[in-house]
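In this note's numbering, the protein residues as written are 1 to 333.
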């Protein structure tokens, strides 16, 4: 019999599902156990800082994970979890609703940290948000259990470090430019850490790989960010194209404090005033904007290393921008 994950009579949850114990109604009756659903586990609850809405992290204990507002636990909305792979016995939907709300009630309210990299905690400690949260010694284990981190990047490890290291020794070591690519990316987290310790005062560096087509610039950029997460081009990966709006690129950078990112082919950028954006990126702060009421919105902030590829020098349009020259390192083939 599997061990119970949660138990509050007459309900209990184990790795096989959520159950309700039905006591005998008469002397001739026997106790019954009915299954309410497949495993539905509420791992955390937290307040969304942008809306004030309580949200839940809901999993099946294996490969399904959803973040939903707490009202998903109402009997009216619970069947909506079926489309994500959960099985629900709708005949007993009210019992399941009550059981899950009891489970939710038993959890402490977690602290939500939005972003990746080196994040300063509310106390003296430090949270490093990567594929999972890592904590400095100032944060006690009891506090760590109540901290969750939200990120929009794919940072889950694929394969093994041993496999990556063997690839590095065979195909990277001895090639100075490829070795530099890895060092540039690794510098991102180190710089972010030093900044939180007030050892350095700059937000990040742009590393530009310049050269003709098919010279391996994009491969080097992908290698660089592979130390931190998914190096393939995609919506949640660490490798993107410069072909996007300024607002979209700033949104992609927002809350990143130490995870390296690659942007491919600067010549594909369609926005004007490229130099202004590059300076903004290296400074770690987006353009100030107003909302529909004319009030100034808080600017987007970040602080990380950016690897850029281009067929021409990143300084072509930046000769008069001394600040960008100081914050950029360019490597040509």
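Here a beta-carbon is modelled for each residue, glycine too, at the ideal position from N, C-alpha and C.
Beta-carbon gap between residue i and residue j smaller than 7 Å
i	j	result
residue 186	residue 223	no
residue 242	residue 269	yes
residue 266	residue 308	yes
residue 207	residue 184	yes
residue 305	residue 204	yes
residue 36	residue 92	yes
residue 45	residue 112	no
residue 58	residue 42	yes
residue 191	residue 120	no
residue 193	residue 118	yes
First through last residue of the alpha helix (DSSP H) which encompasses residue i
i	result
residue 283	274–283
residue 188	176–196
Cβ-based neighbour list, residue i, same chain, cut-off 6 Å, excluding 5 preceding and 5 following
i	result
residue 300	250, 254, 286
residue 60	39
residue 331	209
residue 326	none
residue 189	258
residue 175	none
residue 114	150, 255
residue 6	13, 103
Residues of its chain near residue i, where Cβ-Cβ distance is below 8 Å and the 5 sequence neighbours each way are ignored
i	result
residue 116	129, 130, 149, 151, 153, 155, 255, 256, 257, 258, 259
residue 73	56, 97, 100, 101, 104
residue 69	53, 54, 55, 56
residue 168	182
residue 30	24
residue 280	250, 286, 287
residue 22	10, 31, 32, 33, 34
residue 19	11, 12, 13, 33, 34, 35, 36
residue 90	79
residue 157	131
residue 8	99, 102, 103, 106
Extent of the continuous beta strand (DSSP E) to which residue i belongs
i	result
residue 331	328–332
residue 300	Note, residue 300: premise wrong, no beta strand (DSSP E); not H, not E.
residue 208	206–210
residue 17	17–22
residue 6	6–8
residue 127	126–129
residue 30	No beta strand (DSSP E) holds residue 30; DSSP gives it neither H nor E.
residue 310	306–310
residue 14	11–14
residue 43	41–47
residue 118	116–120
Proximal residues to residue i (C-beta, below 7 Å), its chain only, five neighbours per side dropped
i	result
residue 236	152, 153, 154
residue 324	275, 278, 279, 282, 318
residue 313	210, 330
residue 177	220, 331
residue 4	12, 13, 14
Presumed contact (8 Å Cβ cut-off) between residue i and residue j, rounded CB distance
i	j	result
residue 328	residue 282	7 Å
residue 110	residue 139	The Cβ separation is near 13 Å, so there is no contact.
residue 79	residue 67	Wrong, their Cβ atoms sit about 18 Å apart, outside the cutoff.
residue 94	residue 75	5 Å
residue 239	residue 232	6 Å
residue 172	residue 179	6 Å
residue 214	residue 264	Not confirmed; about 13 Å, so no contact.
Check: residue i C-beta below 6 Å from any heavy atom of the ligand FAD
i	result
residue 187	Absent from the structure shown: the ligand FAD. Ligands present: none.
Suppose only complete runs of 3+ residues qualify. What are the beta strand (DSSP E) ranges in the stretch 135–169, listed by chain order?
147–150
Go through the stretch 56–112 residue by residue and report every complete run of the beta strand (DSSP E) that reaches 3 residues or more, in order.
65–69
My parser needs the alpha helix (DSSP H) runs of 4 or more residues fully inside the stretch 216–270; what are they?
217–225, 246–253
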